[in-house]
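UniProt numbering puts the first residue of the sequence shown at 1, with every later residue one more than the last.
Note that CB positions come from ideal geometry on N, CA and C, so glycine has one too.
Fair warning: this is a prediction, and the values are worked out from it, not measured in the lab.
See structure below.
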Amino acid sequence: MRGEYKVPGGKLVAVDLEVENERLSQVSVSGDFFLEPEEALLDVNAALTGLSVDASVEQLTSSIEGAVDSQTAFIGFTPEAVGIAVRRALGKATGWHDHTFDVIGPVTMDPAMHVALDEVIGREVADGTRPPTFRFWDWDSPLVVIGSFQSYVNEIDADGAAQHGIDVVRRVSGGGAMFMEPGNCITYSLVVPGSLVEGLSFERSYSFLDDWVIEALAEVGVKAHFVPLNDIASDAGKIGGAAQKRFAGGSVLHHVTMAYDIDADKMTEVLRIGREKMSDKGTRSANKRVDPMRSQTGLSRDAIIDAFLQTFRRRYATHESDYTEAELAEARELVAAKFSTPEWTHRVP
C-alpha cells in the first residue's frame, strides 16, 4: 500500500506499508524532504510500525514526535504530513487525484441562490449523490453576504443598505462580510468530501484547498501568498478571503471571494466594519475603488475567471457540469424558507 501527501509550499511525503493483523508493518517513509539527522528516518519508520490501522492522524503524529529526539529537524514536511500519507495509504484519507470534480462555470442568478446552493451541494457531496464540485458564482443584483456568526447590527448600516438598495443574506459558513455588486468581485465555491482534508487542522485546510489558486494567480500576473487564517494576499495587500463550513454528513464547503473592482465609498456606507477597516487606508475620497484583481492583472473579470478554470482543469480530473432542476428548486425553497427570513438573517442580533 502506498500513500502520498504534498505539503502546501513544501515537499512530497510518501509512505509504503503493509498490514498484518490490523497493524501497520514494513513501514517505509520517503520523499524529497530533508531530515536532520538522517538516522531519524529509522525512528520514524519504527514509530509507525505496529500501530493500529485505525490510528488517527493525531495519534500517528504523536507517535512520531515521541520517537525522535527533540533536536530532530523536519524540513519541508512535518510528522503530521507523514500521518496523512499513512491514512491515504490505508484508504482512510484521499488526495486530489482520487476524485473527479464537477466544474460549473459562472451562471447568473439571484445571489441568494448561490448562498442556498452552497448548502444544497454540500449535502449532496456528503450523501455521495454529487461528486466534489467546483463552481463560480455570478449574480444579477447587489447583496451583502454576512458570515454565519456575525452580528447583523454590528456589521450592517441599515440606512445605508436601504439607500443603495442592497439586501443582506446570512450564509452557512463563518468569516466576514462579502460586499457583492454585479461584476465587482470574484467568488467561487469548492465542496469536497471530508476525506480530502482528513487529518488537517482548520488552518491548514484553508491553504491546502486553495493551493491551486496561488498557481492560478501567478498565471495572471499576481504573486500571491496565504496569510493565516484565511486570507490571500500579494505584496500590494489583501486580495481576498476564504470561509469554510464542515457539514455533519462529512463534506466540506470552502469558498473564496476576491475583490475585483469595489466601490469603497458605497461599501463603507453599507458595512460598519468596512468603514472602520478602510479608515486607516486613506479611502475617504470620492469614487475610490478597491480593485486589487483589476489593477494588479490588467485583465477583465471574465478573463481572470477563465484563467482560474483552466488552471483547475489542468491540475485535476474534471467533468463539465451544470445545476440540475432539482437543485435549483431546492435552493429556491431554501431561500424562501430560510435565507430570506428575518429569523435567519438576524439570528445574531
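Distance CB(LEU143)-CB(PRO111) smaller than 9 Å: Against a cut-off of 9 Å, the Cβ pair of PRO111 and LEU143 comes out as a contact.
Meets three-Cβ-pair contact criterion under 8 Å: the stretch 108-125 and the stretch 315-330: With the cut-off at 8 Å, the stretch 108-125 and the stretch 315-330 touch.
Sub-9 Å separation of GLY240 and MET267 beta-carbons: Not closer than 9 Å, so no.
Cutoff 8 Å; reference ARG294; Cβ partners in own chain excluding five residues on either side: Hits under 8 Å: TYR260, ASP261, ARG301.
Of the listed residues ASP102, GLU181, ASP157, ILE232, nearest to VAL192 (C-alpha basis): Sorting ASP102, GLU181, ASP157, ILE232 by C-alpha distance to the C-alpha of VAL192 places ASP102 at the top.
Nearest-angstrom beta carbon gap, HIS255 and THR187 [assumed within contact, 8 Å]: Yes, THR187 and HIS255 are in contact; Cβ-Cβ is about 7 Å, under 8 Å.
Whole-Å CB distance - VAL53 paired with GLU22, under 8 Å assumed: 5 Å between Cβ atoms; contact.
C-alpha gap between ALA307 and LYS11, whole angstroms: A straight line joining the alpha-carbon of ALA307 with that of LYS11 spans about 26 Å.
C-beta atoms of LYS245 and GLY176 nearer than 9 Å: At least 9 Å separates the beta-carbon of LYS245 from that of GLY176.
Where the beta strand (DSSP E) through VAL15 begins and ends: Residues 12-20.
Neighbour-count burial assignment, HIS114, 16 or more Cβ in a 10 Å radius: Under this definition HIS114 is a buried residue.
Cα-Cα separation between ILE305 and ARG135, rounded to whole angstroms: Answer to the nearest angstrom: the Cα atoms are 11 Å apart.
Reduced DSSP secondary structure (H/G/I, E/B, other) of GLN150: In the structure shown, GLN150 sits in coil (DSSP, three-state: anything other than H, G, I, E or B).
Three-state secondary structure assigned by DSSP to SER52: In the displayed model, SER52 falls within a strand according to three-state DSSP.
Bridge partners - GLU320, DSSP secondary structure assignment: Paired residues: VAL103.
Those residues which DSSP pairs with ILE273 across a bridge: Note: ILE273 is not bridge-paired with any residue in the DSSP secondary-structure output.
Through-space distance from GLY9 to ASP280, alpha-carbon basis: For ASP280, the predicted model reports a pLDDT of 48, less than 50, meaning its position is unreliable and no value from the coordinates is stated.
Which of helix, strand or coil DSSP assigns to ASP69: If DSSP states are grouped into helix, strand and coil, ASP69 belongs with coil.
HIS97 to VAL15 span [Cα, whole Å]: As the crow flies, the alpha-carbon of HIS97 is around 17 Å from that of VAL15.
GLY298 beta carbon less than 9 Å from that of ALA126: Going by C-beta atoms, ALA126 is not nearer than 9 Å to GLY298.
Residues that residue 371 bridges to, as DSSP identifies them: Not covered by the structure: residue 371. The range shown for the chain is 1 to 349.
Cβ neighbours of VAL169 in the same chain (closer than 7 Å, five flanking residues each side left out): So the qualifying residues of the chain are ALA112, VAL115, LEU143, VAL145, PHE339, THR345.
Contacts around GLU215, its chain only, beta-carbon distance under 8 Å, and the 5 residues preceding and following it disregarded: Same-chain partners within the cutoff: THR311, ARG315.
Short Cβ contact (9 Å threshold) for GLN296 with SER234: In contact: GLN296 and SER234 (Cβ atoms closer than 9 Å).
Buried or exposed by the 16-neighbour rule on C-beta atoms within 10 Å, applied to GLN150: Looking at its Cβ environment, which holds 16 or more other Cβ atoms inside 10 Å, GLN150 is buried.
The stretch 72-90 contacting the stretch 32-52, beta-carbon criterion three pairs below 8 Å: Result yes; three or more Cβ-Cβ pairs closer than 8 Å.
Cβ-based neighbour list, ALA286, same chain, cut-off 8 Å, excluding 5 preceding and 5 following: Residue placement at ALA286 is flagged as unreliable, the pLDDT there being 39, under the threshold of 50; a coordinate-derived value is accordingly withheld.
Start-to-end residues for the beta strand (DSSP E) that takes in VAL256: Annotation for VAL256: the continuous beta strand (DSSP E) segment containing it runs 251-259.
Cβ pair LEU24, VAL86 closer than 9 Å: Cβ distance < 9 Å, so LEU24 and VAL86 count as in contact.
Contact under 9 Å by Cβ, GLY128 with MET1: For GLY128 and MET1, no; Cβs fall outside 9 Å.
Under 9 Å between C-beta atoms of ASP138 and PRO182: Closer than 9 Å, so yes.
Residue nearest to ARG123 in terms of C-alpha spacing, selected from SER251, LEU200, LYS238: Taking only the C-alpha atoms, the option nearest ARG123 is SER251.
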